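Asks: Residue numbers (the numbering used here): 847 to 1257. Think of the CB as a built atom: it goes at the ideal place given N, C-alpha and C, for glycine as much as any other residue. These numbers were taken from a predicted model, which means no experiment stands behind them.
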């Protein structure tokens, strides 16, 4: 009889309970919400909770300024706009990322240009990025995927050498540090998300960090309907929008920010345990350690199953893991193969009389066939649960023949 639970075996996590849900409600958030509610100051123009959170979060990420706003997508839009990106400009992005990294450029009438990723880390490749730069390139957006830092030394050098803005997409990298310094402080700006799945969450929300006072002022104006600091209420000196975060959301975020170091410590411990358990498992490929990665953000635990991917069995593996009690994800479909994104990018370029720079991105296509993600709640369980999680992954990784026969039977 098969060991796989999907074929009648015993689930690896049976009897161990579920991993902690996310987000985790806490009495501190409840008290903070009630305090804002009872104050009657629910918007950031009346209260001080958003301003306090902006300052605290920027300090946590080693930046001088923070501008909170409604979500992580519009954080990227605002960052691009503040850096001068507009109609017809090209923005270099990785294809292996959430759609917002590319759609933010399209929102401004700019053209997302895809550069391939490093297959070992899933991160934007600096060499591929350099090859994608043209005279129309205005910005580059390295994404700190899953909490692992992109090579910010290389991307800062690219920015300096070519006079282009570097915008760090830190949506999955709260607390990530590269060479001892927090992400979001290396580029011209850094963008963060507080959407439900993120390691600090208010359901929705975003924030942009920068240490450039001029960019901080531009971001303030963009988020506050074109007003300037200290200016008149109806003296809109720029075109801006109401993108403000509410006091309620900031009230939920502040206690989580205070707890984040302890949460991060637990995730780091469980990640190290999981890596040790999987290190010698045949068929499992983990990203190599990075000595420059001082602190991993641990939004996701990512691995590759190259043999199962080659056989077209990655999705069958995800299904088999669910039967073991582990709800993993197959991850992204590369954006350069997303019809909605690529069609609009081509249309924008065509309207401007520009050729669209097509990019093959073979490494992104490869990793999209064999990668599996585990959300960060799987790094918050007990040691026993983590050991069982590793056993479930190992069981599935070693079962190519059984997964293949099961997939054939389904067809």
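Could you check the C-alpha separation between residue 1082 and residue 1184 for me, to the nearest Å?
Replies: Approximately 38 Å between the Cα atoms of the pair.
Asks: In whole angstroms, give me the CA-to-CA distance for residue 966 and residue 1054.
Replies: Spanning the two alpha carbons is a distance of roughly 28 Å.
Asks: Let me know the beta strand (DSSP E) ranges lying completely inside the region 970-1033, each 3 residues or longer, listed in chain order.
Replies: List check, beta strand (DSSP E) in window: 983-986, 1011-1015.
Asks: Classify residue 931 as helix, strand or coil using the three-state DSSP reduction.
Replies: DSSP places residue 931 in coil when its eight states are reduced to three.
Asks: Tell me whether the region 1231-1244 and the region 855-870 touch, counting them as touching only if at least three CB pairs, one residue from each stretch, are closer than 8 Å.
Replies: Yes, since at least three Cβ pairs between the region 1231-1244 and the region 855-870 fall closer than 8 Å, the two stretches touch.
Asks: Count the CB pairs spanning the region 885-892 and the region 989-1004 that are closer than 8 Å, and state whether there are at least three.
Replies: No contact exists between the region 885-892 and the region 989-1004.
Asks: If you scan the region 1150-1215 from start to end, which runs of the alpha helix (DSSP H) of 4 or more residues do you find wholly inside it?
Replies: Correct list: 1152-1156, 1160-1170, 1185-1197.
Asks: Applying the criterion that 16 or more other CB atoms from any shown protein chain within 10 Å of the CB defines a buried residue, is residue 1206 buried or exposed?
Replies: Residue 1206 comes out exposed.
Asks: Enumerated in chain order, which unbroken segments of the alpha helix (DSSP H) with a length of 4 residues or greater are wholly contained in the region 847-932?
Replies: Runs of the alpha helix (DSSP H) inside the region 847-932: 873-885, 895-906, 918-928.
Asks: For residue 944, tell me which candidate among 1216, 931, 956, 918 has the shortest Cα-Cα distance.
Replies: Checked all of 1216, 931, 956, 918; the closest Cα to residue 944 is 918.
Asks: Sort 986, 906, 908 by Cα distance to residue 936 and report the nearest one.
Replies: It is 986.
Asks: Is the distance from the Cβ of residue 1015 to the Cβ of residue 989 below 7 Å?
Replies: It is a contact, given that the beta carbons lie within the stated cut-off.
Asks: Does the Cβ of residue 1247 have 16 or more other Cβ atoms within 10 Å, making it buried, or fewer, making it exposed?
Replies: Under this definition residue 1247 is an exposed residue.
Asks: Applying the 10 Å Cβ sphere with the 16-neighbour rule, what's the burial state of residue 872?
Replies: It is exposed - the Cβ of residue 872 has fewer than 16 other Cβ atoms within 10 Å.
Asks: Just mark residue 877 as buried or exposed, buried being the case when its beta carbon has 16 or more other beta carbons within 10 Å.
Replies: Classification for residue 877: exposed.
Asks: Within the same chain, show all residues whose beta-carbon is closer than 8 Å to that of residue 1092, passing over the 5 residues directly before and after it, in chain order.
Replies: So the qualifying residues of the chain are 888, 889, 890, 896.
Asks: Have a look at 925, 984, 980 and flag the residue whose alpha-carbon is nearest the alpha-carbon of residue 1204.
Replies: The shortest C-alpha separation from residue 1204 is found at 980.
Asks: I'd like the list of long-range same chain contacts for residue 1255, defined as Cβ closer than 8 Å, with 5 residues on each side in sequence excluded.
Replies: With a pLDDT of 48 at residue 1255, under the threshold of 50, the modelled position of this residue cannot be trusted; read the value that follows with caution. Nothing listed; no residue qualifies.
Asks: DSSP beta-bridge partners for residue 1131?
Replies: Per DSSP, 1150.
Asks: When you compare only the Cα positions, how much space is there between residue 1180 and residue 879?
Replies: Roughly 39 Å separates the two Cα atoms.
Asks: Select from 863, 958, 970 the residue whose C-alpha is nearest the C-alpha of residue 1278.
Replies: This structure does not reach residue 1278, given that the chain is present from 847 up to 1257, and the question cannot be answered.
Asks: Can you look up residue 1055 in the DSSP assignment and give me helix, strand or coil?
Replies: DSSP places residue 1055 in strand when its eight states are reduced to three.
Asks: Could you say which of 926, 1143, 1094 lies nearest to residue 1113 if we only look at CA atoms?
Replies: It is 1143 whose Cα lies nearest to the Cα of residue 1113.
Asks: On the DSSP letters alone, give me the boundaries of the alpha helix (DSSP H) that residue 947 sits inside.
Replies: Taken as a continuous stretch (DSSP letters only), the alpha helix (DSSP H) holding residue 947 covers 946-953.
Asks: Confirm, please, whether the CB-CB distance from residue 911 to residue 904 is below 7 Å.
Replies: Against a cut-off of 7 Å, the Cβ pair of residue 911 and residue 904 comes out as a contact.
Asks: Name, in chain order, the residues that DSSP records as bridge partners for residue 1141.
Replies: For residue 1141, which the question treats as bridged, DSSP gives the partners 1023.
Asks: Taking only the alpha-carbon atoms, compute the straight-line gap between residue 1045 and residue 1038 and give it to the nearest angstrom.
Replies: Residue 1045 and residue 1038: Cα-Cα distance of roughly 11 Å.
Asks: Taking the CB atoms as reference points, tell me whether residue 1187 and residue 851 lie closer together than 7 Å.
Replies: Not closer than 7 Å, so no.
Asks: Could you spell out the range, first to last residue, of the alpha helix (DSSP H) harbouring residue 1232?
Replies: Here the alpha helix (DSSP H) through residue 1232 covers 1229-1243.
Asks: Can you tell me which of the three DSSP states residue 1036 falls into?
Replies: Residue 1036 falls in the strand class under three-state DSSP.
Asks: For chain D, find out if any of its Cβ atoms is closer than 7 Å to the Cβ of residue 1003; answer yes or no.
Replies: Of the protein chains in this structure there is only one, and it is not chain D.
Asks: By the 10 Å Cβ neighbour count, where 16 or more other Cβ atoms means buried, how is residue 1073 classified, buried or exposed?
Replies: That one is buried.
Asks: Distance check for residue 1070 and residue 923, CA to CA, integer angstroms please.
Replies: Taking the straight line from one Cα to the other gives about 14 Å.
Asks: Which of helix, strand or coil does DSSP assign to residue 1050?
Replies: Coil at residue 1050, not helix or strand.
Asks: For a test of the three-state rule: what should DSSP assign to residue 1107, helix, strand or coil?
Replies: Of the three classes helix, strand and coil, the one that applies to residue 1107 here is helix, per DSSP.
Asks: In chain order, what residues of the same chain have a beta carbon less than 6 Å from the beta carbon of residue 1257, not counting five sequence neighbours either side?
Replies: Summary for residue 1257: the model assigns pLDDT 47, below 50, so the residue's position carries little reliability, and this model does not support an answer.
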